[in-house]
Amino acid sequence: KAGVTQTPRYLIKTRGQQVTLSCSPISGHRSVSWYQQTPGQGLQFLFEYFSETQRNKGNFPGRFSGRQFSNSRSEMNVSTLELGDSALYLCASSSGLEQETQYFGPGTRLLVL
Amino acid sequence: SQQGEEDPQALSIQEGENATMNCSYKTSINNLQWYRQNSGRGLVHLILIRSNEREKHSGRLRVTLDTSKKSSSLLITASRAADTASYFCATGRNKLTFGGGTRVLVKP
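Chain order of the listed sequences is A and B.
Following my numbering, the numbering of the first sequence begins with 1 at its first residue and continues without gaps.
Following my numbering, the numbering of the second sequence begins with 114 at its first residue and continues without gaps.
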């Protein structure tokens, strides 16, 4: 099976712009989660989608949003970018069942100037 | 916020030596997972240990879990240069909470 894919891999934006990141989960997986990784805060959970519904949400401002399509692909959007949004954004997929492993994609590295 | 802390934060060993890192967490868990990350890339799943398990092995990896102490350890035996990476423990179901990670450097 192909792994989790994320596009784009690298992105440079300026403050105030908005950005959309994409994630394609492993075939058959219905849960997609997003994480932000920064040197200061480490790995932090953003949100999780299961069957096109947001099932869990982390403590991030409303500028961070996401959605999931019927084919389980997911997108996350960050509006009004701030310098502090520079980070590695990781997507993970799983079957969505209890105690199941999450499989991560390679990440999208976002730099906000 | 982080669920717990990992100890040590960094570890430097020679190839062939064993590497041990520890993870502590704060709340009760159903399972605990260990991941590896190479140079700021994606996370690779290493092993999942359930709350009713005390020890688990996978190749050169050995994980222990002590729910009474809310702690887990990851042992990498006979380390190789390719084991150089950051290692993270994580708890939770579909909303993972990660420790701060241990950076491991294996010198050839």
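Here a beta-carbon is modelled for each residue, glycine too, at the ideal position from N, C-alpha and C.
>> What would DSSP say about Thr66/A, mapped onto helix, strand or coil?
In response: Numbered from 1 along the first sequence, position 66 holds the residue referred to as residue 66/A. Per the sequence shown, residue 66/A should be read as Gly rather than Thr. Strand at Gly66/A.
> Does Asn56/A come within less than 8 Å of chain B when only Cβ atoms are used?
Replying inline: Translated into the one-based positions of the first sequence, residue 56/A becomes position 56. Chain B contact via Cβ: present.
>> Under 7 Å: does the beta carbon of Lys169/B sit that close to some heavy atom of the ligand MG?
In response: In terms of ligand content, the structure shown is empty, and the ligand MG therefore cannot be addressed.
> In chain A, which residues lie with their C-beta within 7 Å of the C-beta of Gly155/B?
Replying inline: Stepping through the second sequence from its first residue, residue 155/B is reached at position 42. Correct list: Leu90, Phe104, Gly105, Pro106, Gly107.
> Taking the continuous beta strand (DSSP E) assigned at Tyr49/A, which residues delimit it?
Replying inline: Counting from one through the first sequence, the residue named residue 49/A turns up at place 49. Looking at the DSSP string, the run of the beta strand (DSSP E) that includes Tyr49/A is 42–50.
> Does any C-beta atom of chain A lie closer than 8 Å to the C-beta of Lys241/B?
Replying inline: Here chain B comprises residues numbered 114 to 221, so residue 241/B is not present and cannot be evaluated.
> Which chain B residues sit within Cβ distance under 8 Å of Thr117/A?
Replying inline: Lying outside 1 to 113, the shown extent of chain A, residue 117/A is not represented and no answer is given.
> Gly214/B versus chain A: which residues are under 9 Å apart at the beta carbon?
Replying inline: Translated into positions along the second sequence, residue 214/B becomes position 101. What Gly214/B touches in chain A: Gly42, Leu43.
> Got a sec: is the Cβ-Cβ distance from Gly66/A to anything in chain B below 8 Å?
Replying inline: If you number the first sequence from 1, residue 66/A lands on position 66. No - not a single Cβ of chain B is within 8 Å of the one on Gly66/A.
>> Buried or exposed, going by whether 16 or more other CB atoms sit within 10 Å of the CB of Thr204/B?
In response: Against the second sequence, residue 204/B aligns to sequence position 91. Buried.
> Do Arg73/A and Ser22/A have their C-beta atoms closer together than 8 Å?
Replying inline: Here residue 73/A is taken as the residue at index 73 of the first sequence, counted from 1. Here residue 22/A is taken as the residue at index 22 of the first sequence, counted from 1. Taking 8 Å as the Cβ cut-off, Arg73/A and Ser22/A qualify as a contacting pair.
> For Gln36/A, which residues of its own chain have a beta-carbon under 7 Å away from its beta-carbon, when the five flanking residues on both sides are left out?
Replying inline: Position 36 of the first sequence, counting from 1, holds the residue named residue 36/A. Answer for Gln36/A: Gln44, Leu46, Ala87, Tyr89, listed in chain order.
>> Below 8 Å, how does it come out for the segment 143–154 of chain B and the segment 195–204 of chain B: are there three or more Cβ pairs, yes or no?
In response: yes
> Based on the DSSP output, what are the partners of Asp120/B in its beta bridges?
Replying inline: Indexing the second sequence from 1 puts residue 120/B at position 7. In DSSP, Asp120/B forms a bridge with Asn135/B.
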